[in-house]
Every structure is written in structure tokens, then in C-alpha cells.
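So the sequence shown is numbered by our numbering: it starts at 1 and just counts up by one.
All C-beta atoms in this analysis are idealised placements derived from N, C-alpha and C, irrespective of residue type, glycine included.
Quick notes on the structure that follows.
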Amino acid sequence: MPKIIAICNKKGGVGKTITSVNLAVALVKQDKKVLVVDLDAQSNSTGILKSDRTLIEKYITDLFETTRLGGEYPEKSKFICTSDDGVDFIGSNTLLGNTEIGLASEMYRETMLKRILAPIGNFYDYIILDCQPSIGIITINALAAADEIIIPVQANDFFCLDGLANLMKYIKITQTHINPSLHIAGTLITKYLAHTNISKLVCRTVYENQSIPVFKTKISLSTKVAETAAVKESIFSYSPKSKAVLEYRFSKGGYGALSMKKLQMRMGNNTPLDINQEYEKTQNNENDELAQMFTPSSIEVQAKIKLLLMRVILKIFLTPLTFR
Ligand SMILES: Nc1ncnc2c1ncn2[C@@H]1O[C@H](COP(=O)(O)OP(=O)(O)OP(=O)(O)O)[C@@H](O)[C@H]1O
Ligand SMILES: [Mg+2]
1 MPKIIAICNK KGGVGKTITS VNLAVALVKQ DKKVLVVDLD AQSNSTGILK SDRTLIEKYI
61 TDLFETTRLG GEYPEKSKFI CTSDDGVDFI GSNTLLGNTE IGLASEMYRE TMLKRILAPI
121 GNFYDYIILD CQPSIGIITI NALAAADEII IPVQANDFFC LDGLANLMKY IKITQTHINP
181 SLHIAGTLIT KYLAHTNISK LVCRTVYENQ SIPVFKTKIS LSTKVAETAA VKESIFSYSP
241 KSKAVLEYRF SKGGYGALSM KKLQMRMGNN TPLDINQEYE KTQNNENDEL AQMFTPSSIE
301 VQAKIKLLLM RVILKIFLTP LTFR
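Here you go:
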């Protein structure tokens, strides 16, 4: 079964596409089989992964249409292309806007992507969904199909944080009604410039929101990364020695190891904490305290001590009275 990761934030320009493409290439470099699905009518990841669009026969739009009409899917080779970096992808085009409107009146419209991915999922270790900057039916389809979400937040724009609460609301609704196994892998800070106040301010605000985990890895603001959008290449092929290559590898163990073990949260004081360890620690402490408080033996002991104390107090007060 593949791990399906939605790269999602309703704010535009935060690095969803750049993250989708470069995370995919990083995983391919670790010998994983990866499929990127472009779920944005702007089709930016399609552009980077395949600059010559005339070579693409079928788009995600066509697959939504087939699912809607209940028809047969075309041959895989017609809608899955492979980039020069070895990433498989399903492209998108401007017609995805029409799909969004067309799906509005369909039954089971939220789970169409899940049905599209079901027959092809087993060929991959990871499927990465590059979402559009809005919460429409296509993005809900991504949340319904995904196992986890990465939320890129750009460190040079404070407005970027405004939509987070709203996004969380949709994630919760999706978890409750459509996809209970969906979870947030973490917030990924992008376009980070260490010495700027705005980066520090955005990071501090994100760290202080303890309900959402934050990846320890931050993606720095880099002209090389910005240029990849123009040259239509991943950072791995365009500038293999740049810092962003290391950052998108998410440490030595790669994303898989990171999402399992090294997902970290930093609090306001910048102390790195392992979320799982901390969670387990607090759970254990709470459980121990509760267990100690409510074991029958401890209740009996407490009652006996109280009785003994009352007897001692009574004796102290009553003894002088009896001698008067
Ligand atoms: N780390 C970075 N350093 C510099 N520029 C970056 C970085 N990450 C992304 N960019 C640039 O920021 C712009 C927006 O990035 P990207 O397209 O990945 O965002 P997005 O969230 O997918 O946008 P949209 O919401 O429109 O789909 C692009 O021009 C990209 O080259
Ligand atoms: Mg994008």
C-alpha cells in the first residue's frame, strides 16, 4: 500500500508545488517508487515534471470525468508520465476548474480521487498530491484519499498563518465524516531566512501552536529554488549542490524515517522535543498518577491515615479537658 501525502494549504505561493516535486525526487533518489498527482488547474507541477506538455495524452481531469460517468479508465501509459528525475506523475490542465463545478452535483463526489488511485496505488511507495490554493471539492478529494498532510507555511509572510485555522476545520470535518485515518504529518516552514525578524516571528507563532506538529527541517529561501520554476527542473537536477537539496532530503534517513521518528516540534523556547516521546511520557505520567490515586490499596491507606490523624487530633484536644 502506498503512503498518500497531500501537500495542502489554501494560501497560494507557500511552496506546495516546489515541495511536492522536490520531495518526490528526494524519495526517488532513495529508490522509492513515487507518483505525483497534480490537483491544481494552474498545473505548475505538471510544468516542472514535464515541460513539453504535448507528450501528455490524458490528464487528471479525464480520470475524474471517467469516474463520474462510470466508464473504463484509459491505459496507464496514457495518463502516467515519467519525469527526467524518474518521478511518475498524472498531469493537470486548466479544465480542472470545470471538473470542480461538474462534481458539485455528483453523488460520492468526495471520494472520486480515492477510486482513481485505488487500481494504480499498489505500484508505488508514495503518492504525493499537489493541491490547489483553495478548499474546493478537488482539495477535499485529496484529503479524503490521503493518509497524511504536509502543510507548507512560508516564513516570509505572516498572512500565511491566517488560513491555518480554517484549513484545520476542513481537516477535522474530513476526519470525522470521510477519512478517519487522515493525520497531519506536520507544518513545513518554507522560504525561511534565518536572520530576518519575519521568519523568526512566523516560526515562533507556528511553534507556539502546539496542536499542529512542525517539521524540524526548514526549507530556506533560495534563488536557486525560485529559478527551478523558470527552468522547469527539480532542484536536484538544476543545482544538485544547493542547500535545498539537503533540506528536501529531510535528514539522512529521508522523509520516511522522519515521519516515523524525527518529526519534531519546537516550543517557544526553541527546545527540540520529540512529539511521540513527549506524548508517551505525559501519557505515562498521567496514567501512573491516576493509577496511584485510584488503586484500592492506596484508597484504603489514605482512609486509614485520615482516621489516625483525626484520632491523634481528638486525643490532643480532649486529654487536657478530662484532667480539669
Ligand atoms: N524555498 C524557496 N525559495 C525561493 N523561492 C521559492 C521557494 N519555494 C518556492 N519558491 C517560489 O515561490 C513561488 C511559489 O511556489 P509554489 O508554486 O511551490 O507555491 P504553491 O503553494 O504551489 O503556489 P500555488 O498556491 O499558486 O499553487 C514559485 O515561484 C517558487 O519558485
Ligand atoms: Mg502550486
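beta-carbon residue i near ligand 1 non-hydrogen atom, thresh 7 Å
i	result
Asp-40	yes
Asn-44	yes
Val-14	yes
Val-225	yes
Ile-219	yes
Lys-191	yes
Thr-228	yes
Pro-2	no
Ser-222	yes
Assumed close pair residue i, residue j - CB separation to whole angstroms, cut-off 8 Å
i	j	result
Leu-154	Gly-12	Correcting the residue type first, residue 154 is Gln in the shown sequence and not Leu. Incorrect: roughly 10 Å between the Cβ atoms, too far for contact.
Ile-198	Ile-171	So it is not a contact: roughly 26 Å between Cβ atoms.
Glu-41	Leu-117	The amino acid occupying residue 41 in the given sequence is Ala; Glu does not appear at that position. Between Leu-117 and Ala-41 the Cβ distance is about 19 Å, and since that is not below 8 Å, they are no contact.
Ser-234	Tyr-192	Actually they do not touch by this definition, with Cβ atoms about 19 Å apart.
Boundaries of the beta strand (DSSP E) in which residue i is found, first to last residue
i	result
Ile-198	That residue, Ile-198, is in no beta strand (DSSP E); its alpha helix (DSSP H) goes 197-208.
Phe-215	Here Phe-215 belongs to no beta strand (DSSP E), and DSSP marks it neither H nor E.
Glu-353	Limits of the chain in this structure are 1 at one end and 324 at the other, which puts residue 353 out of reach.
Ile-7	3-7
Asp-88	88-90
beta-carbon residue i near ligand 2 non-hydrogen atom, thresh 7 Å
i	result
Asp-130	yes
Thr-17	yes
N-terminal and C-terminal residue of the alpha helix (DSSP H) that residue i is part of
i	result
Glu-247	243-248
Gly-97	96-103
Phe-158	No alpha helix (DSSP H) holds Phe-158; DSSP gives it neither H nor E.
Phe-328	The structure shown has nothing for residue 328, since the chain only spans 1 to 324.
Ile-120	That residue, Ile-120, is in no alpha helix (DSSP H); it is neither H nor E in DSSP.
Val-21	16-29
Tyr-238	235-238
Of the residues the options, the one placed nearest residue i, counting alpha carbons only
i	options	result
Leu-35	Asn-44, Ala-41, Gln-42 and Leu-49	Leu-49
Ala-24	Ile-316, Glu-247 and Ile-138	Glu-247
Ile-90	Leu-193, Leu-201 and Asp-130	Asp-130
Thr-205	Ile-5, Phe-158, Leu-103 and Thr-319	Phe-158
Val-76	Pro-119, Ala-229 and Asn-141	The amino acid at residue 76 is misidentified as Val; the sequence shows Lys. Closest by alpha carbon: Pro-119.
Three-state secondary structure assigned by DSSP to residue i
i	result
Ser-134	coil
Ile-178	coil
Leu-39	strand
Gly-186	strand
Val-225	helix
Ser-45	helix
Glu-148	strand
Ser-220	strand
Tyr-124	coil
Cβ-heavy atom distance, residue i to ligand 3, below 7 Å
i	result
Val-231	Of the ligands this structure carries, namely ligand 1 and ligand 2, none is ligand 3.
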